[in-house]
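Numbering (this note's numbering), first residue to last: 2 to 427.
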Amino acid sequence: MNTIAVIGLGYVGLPLARLFATKYKVIGFDINTQRIAELNNGVDVTHEISTDLLKSVLIDNMRASEPGLYITNDIEVLKSADIYIITVPTPVDKNNNPDLTPLYKASETVGKVLKKGDIVVYESTVYPGVTEEECIPVLERVSGLKFNSDFYAGYSPERINPGDKEHTVEKILKVTSGSTPEIAKKVDDLYSSVIIAGTYLASSIRVAEAAKVIENSQRDINIAFVNELSKIFNVLSIDTHEVLKAASTKWNFLPFKPGLVGGHCIGVDPYYLAQKAQAHGYFPEIILAGRKMNDSMGEFVASQLVKQMVKRKIDVQNSNVLVLGFTFKENCPDVRNTKVESVVRSLESFGVSVDIYDPHADKGEVKHEYDLEINNDMPSKKYDGLILAVAHTEFIALDLSGYKKEQSVIYDIKGILPVGQYDIRL
């Protein structure tokens, strides 16, 4: 039986490690000591895995003969693995350039324990060529072993949808690939042993990498299109959601909705593909135009709210606004690359005093990452403006009328409030 090491126990790594642990002995490795302690106590602060489900696979030593998940930050334990799956983040820097630092560091970690015959599989979203051109040289340098002779590689892009309890990892078809035909088959067999939705064996690692990065780029472009429609229909005084509802009656119309595009996938991945294209002398106009459009939506929302407040003769510079939600998506605590921040910053630039309420976001993380204060409990006062920024379940049934002043403006970004309960929607 193979021993699998999953490097990085975040939104992607933990669900994958838990799943593999139902059939294999799995080492879950992470450098975050607090995360390790929490997980060993059965607590997943990302809420992707329930305590009961996590505890059902945990083991307290690697000598156990049965399958299970051993969670550690001890690199020595990794030596007992023969398959390494790297699931670390691939962010962008402040200039939106791909930051491969987590991949390099994870590759160095694996390189220190790599043995002849081992397989290293990458799941992180990257541009075509990263696995073989960037990561493999690190593995070779640190381990002293030769690629496709002493050790092998694969790529199987993650398709985790944070907060989604229906489309869990085993229910999402998995693309696989390997550095040789034989290894590709081994990687595919490994994943197909636990993925009930099945697998798709790509013809090469580069094809699998490209397939992943265009999945999110396509969504980004489609959302950018409806965001631009929203701006156009706002000028024409037409309800965008009513237009989309009517258009969706055609069988092949794609039902995308306008909104803030953040997070660690859709709001990031297109930059990876764009940089690779530019490095080869091609400027990707549509991809970057979509990014520009989506990145502008926070400022657009803030300006629309302020315009409506001015029409109602609200003193903007002495006004207070409540923003409902700060995470990048509903029912999820992940605040990485949240575009709600741009709404808040834009409102503050108008002189507005902003309160933020999000029952899911971690106050300490928001303070550390964005230097913003948030409330985990609903504030008990009235506001000149309210923005429904994230469609958390708690907000759907929330009666906002008790938080309005006489001339308050309610902006429903997510389009979930009934007619008559909002003044503006995107």
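All residues carry an ideal CB built from backbone N, CA and C; glycine is no exception.
Query	Result
Three or more C-beta pairs under 8 Å: does that hold for the stretch 222-230 against the stretch 146-158?	no
Output the boundary residues of the beta strand (DSSP E) element that contains G112.	That residue, G112, is in no beta strand (DSSP E); its alpha helix (DSSP H) goes 102-112.
Hey, N3 and D83: beta-carbon distance below 7 Å or not?	yes
Using three-state DSSP, classify R160 as helix, strand or coil.	coil
Going by DSSP in three states, R426 sits in which element: helix, strand or coil?	strand
For T394, I'd like the list of residues in its chain whose CB is within less than 8 Å of its CB, leaving aside the five on either flank, ordered along the chain.	E331, N332
Look up Y412 in the DSSP assignment and say whether it is helix, strand or coil.	strand
Give the list of continuous beta strand (DSSP E) stretches no shorter than 3 residues that lie fully inside the stretch 299-373.	321-325, 354-358
What's the C-alpha gap between S108 and E286?	33 Å
Which residue comes first and which comes last in the beta strand (DSSP E) that contains G260?	No beta strand (DSSP E) holds G260; DSSP gives it neither H nor E.
Taking the runs of the alpha helix (DSSP H) that are 4 residues or longer, which of them lie wholly in the stretch 227-279?	241-248
Express the C-alpha separation of N217 and L245 in angstroms, rounding to a whole number.	21 Å
Rounded to a whole number of angstroms, what is the C-alpha to C-alpha distance between I196 and G164?	19 Å
Report yes or no: do three or more beta-carbon pairs, one from the stretch 310-326 and one from the stretch 270-285, lie closer than 8 Å?	no
Looking only at its own chain, which residues have a Cβ that is under 8 Å from the Cβ of L101, when we skip the five neighbours before and after it?	T91, V127, V131, E135
How many angstroms separate the CA atom of T328 from the CA atom of D400?	21 Å
For the beta strand (DSSP E) containing L70, list its first residue and its last residue.	69-73
What residue range is occupied by the uninterrupted beta strand (DSSP E) comprising K139?	Rather than Lys, the amino acid found at residue 139 in this sequence is Val. Element bounds for V139: not the beta strand (DSSP E) but the alpha helix (DSSP H), 137-144.
DSSP on Y283, reduced to helix/strand/coil?	coil
Just to confirm before moving on: does the CB-CB distance between V122 and I86 stay below 7 Å?	yes
Contact check, G414 vs A390 under 8 Å by CB: the rounded distance?	At residue 414 the sequence reads Ile, which differs from the Gly that was named. Sure, about 5 Å apart at Cβ, within 8 Å.
Tell me the DSSP secondary structure of P16 in three-state form.	helix
Under 7 Å, do A22 and L70 count as touching if we go by C-beta distance?	yes
Taking the alpha carbon of C266 as the reference point, which residue from V236, L17, K213, D359 has its own alpha carbon closest?	K213
Looking only at its chain, what residues have a beta carbon closer than 6 Å to the beta carbon of V27, apart from the 5 residues adjacent to it on each side?	I5, A18, F21, L70
Check for me: the alpha helix (DSSP H) holding F148 runs from which residue to which?	Careful: F148 lies outside any alpha helix (DSSP H) and carries neither H nor E.
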